[in-house]
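Enquirer: In numbering that gives the first Met the number 0, the protein residues as written are 0 to 406. A virtual CB, placed ideally from N, CA and C, is assigned to each residue, including glycine. Please read these numbers as outputs of a predicted model, since none were measured by experiment.
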Amino acid sequence: MLFNLNEFLMAVSRALDFVEIDIIGVTSNHSKRTAYISLRIAKKLGLGIEQLHDIVALGILHDNGASEKGLHDRLLKSKNELINFKSFERIKEHCIIGERNIREYPFLTDVTNVLKYHHESYNGTGFFHLRGEEIPLLSQIIAISDTIDRRFHLEENDITMQEEIINFVEENRDKLFSMRLVDAFIEAAQDESLWRNLKNDRLEKALRYEPPQYRMELPVDEIRKITGVLSRIIDCKSEYTQRHSSDLSEKVEIMADYYKMSHEEKLKLIIAADLHDIGKLAVPNSILDSPKKLTKEEFKEIKKHPYFTRLALRDITGFEDITKWASNHHEKLNGKGYPSGKRAKDLDFNARLIACLDIYEALTENRPYRKALSHVVAMNILNNMRDNGFIDARITNDINYVFSRLA
């Protein structure tokens, strides 16, 4: 299967935008700007095209650990406390979690510990107290780019701010940043296109077309390993959905084998299951983890997540079926599902299969408001939905047949 690594990276970028939507209500594009500044610095340093690709990926991924529920809990000391990405930047663990989450990402060069050490300062005052050239070069590039974007509102930059930024970087020569990095940034800063492209209306286009493009023919098994990066970020979000995507994927695999699907179709279905809840990254944990029945407004919020899933995946070439199956998992045959109210004629067999299995998985796992239900109780609910035209009758019966033997 032809796989476009750049398109997948932009999907990851959108998923991380959803984390910002959860935390601060909007996306600040911080990760994208960090990636773009890093790219321009890396070019001035003369890095090869593989490292240029990797520095963009690392810039986008550098704060992926911010989706971890435990970090949210540590920050939410009071209901009125302002939480933003700067809050997460103060916690060392987001570097460790972020490094762990990207292990399966197909970087083109050795990037071991780059994210772990992206908050190190050249003078040794970072989280891990590395200093000088003990800090990986790519970590240093992410660090200077990250610091500049956190300190200044670059989406609104003008000539006065540009001068302030250059002065700040110069003042921290051989302190926060190495002389080499300072020189590279100042050289990059002379190009007016850097500043123009950091503005929100130009940033995504610049990141889409300026980095080296990588398309590769990969077996679907390898693509599944890569998409695991996203499913790990998703499942970190809430303790009650911590294994939801992976458990759903296991059930999808069992049913795909039961239906004797081809290896490629089975793997595409598993990838769809891995990624079906990307959109939940935009839903506050206060809703996902609520021990009470959701209010009308809260349910309205949670119903948006399949739309966000489609938004994240829709531009990945070759993922057309995967996107459809993943984003239709709350649609119903009678038109009473969401977000689009699709009907039976719009939902193919695999979309129906994931929808049925998602319900079964949700019922048989612990949730904040109840313990996991038994197979028998879960099937009573599915059978009722089947009889009322919500879900596919054949698939419902087959789920009962297969999982009653495993219960």
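1) Thinking C-beta only, is Leu-312 closer than 9 Å to Thr-322?
2) Inspect the beta-carbon positions of Phe-176 and Ile-36 and report whether they are closer than 9 Å.
3) Is the Cβ-Cβ distance between Ile-59 and Ser-27 less than 9 Å?
4) Report the rounded CA-to-CA distance for Arg-242 versus Asp-234, giving the unit in angstroms.
5) Out of curiosity, what's the CA-to-CA distance linking Lys-43 and Leu-180?
6) I'd like to check one pair, Lys-204 with Ser-120: are the Cβ atoms closer than 9 Å?
7) Kindly indicate which three-state DSSP category Leu-1 falls into: helix, strand or coil?
8) Flag this pair as touching only if the region 263-278 and the region 218-227 have three or more C-beta atom pairs under 8 Å; answer yes or no.
9) Less than 7 Å between C-beta atoms, sequence neighbours within five positions excluded: which residues of the same chain meet that for Ala-371?
10) What separation, rounded to the nearest whole angstrom, lies between the Cα atoms of Val-11 and Leu-229?
11) Just curious, the beta strand (DSSP E) that Glu-216 is in, first and last residue?
12) For Asn-349, tell me which candidate among Arg-195, Ser-248, Asn-196 has the shortest Cα-Cα distance.
13) Can the beta-carbon of Leu-114 be found less than 9 Å from the beta-carbon of Ile-90?
14) Just to confirm, are Ile-277 and Ala-325 a CB contact at a threshold of 9 Å?
15) Helix, strand or coil for Phe-176? Go by DSSP, reduced to three states.
16) What are the start and end residues of each continuous alpha helix (DSSP H) run of 4 or more residues lying completely inside the region 302-351, in chain order?
17) What does Arg-369 pair with, by DSSP beta-bridge criteria?
18) Kindly list the residues whose CB is nearer than 6 Å to the CB of His-328, restricted to its own chain and excluding five residues on each side of it in sequence; keep chain order.
19) With a threshold of 7 Å on Cβ separation, who are the neighbours of Lys-291 within its own chain once the five nearest residues in sequence on each side are excluded?
20) Hey, Ile-315 and Asn-3: beta-carbon distance below 9 Å or not?
21) Nearest to Gly-64 by alpha carbon, out of Asp-53, Val-376, His-117?
22) Where does Asn-79 fall in DSSP's three states?
23) Put Lys-236 into one of helix, strand or coil per three-state DSSP.
24) For Met-215, count the other beta carbons within 10 Å of its own beta carbon; 16 or more makes it buried, fewer makes it exposed. Which is it?
Expert: This is what the structure holds:
1) yes
2) no
3) no
4) The alpha-carbon separation between Arg-242 and Asp-234 amounts to approximately 6 Å.
5) The alpha-carbon atoms of Lys-43 and Leu-180 are separated by roughly 9 Å.
6) no
7) strand
8) Contact between the region 263-278 and the region 218-227 is present: three or more C-beta pairs spanning the two stretches fall below 8 Å.
9) Thr-363, Glu-364, Asn-365
10) 7 Å
11) 214-216
12) Ser-248
13) no
14) yes
15) strand
16) 304-312, 319-326
17) Arg-366
18) His-275, Ile-353, Ala-354, Asp-357
19) Contacts found: Tyr-368.
20) Their beta carbons are under 9 Å apart, which means Ile-315 touches Asn-3 by this criterion.
21) His-117
22) For Asn-79, the predicted model reports a pLDDT of 43, less than 50, meaning its position is unreliable; a value from the coordinates is still stated below. Coil.
23) coil
24) Exposed, because fewer than 16 other Cβ atoms sit within 10 Å of the Cβ of Met-215.
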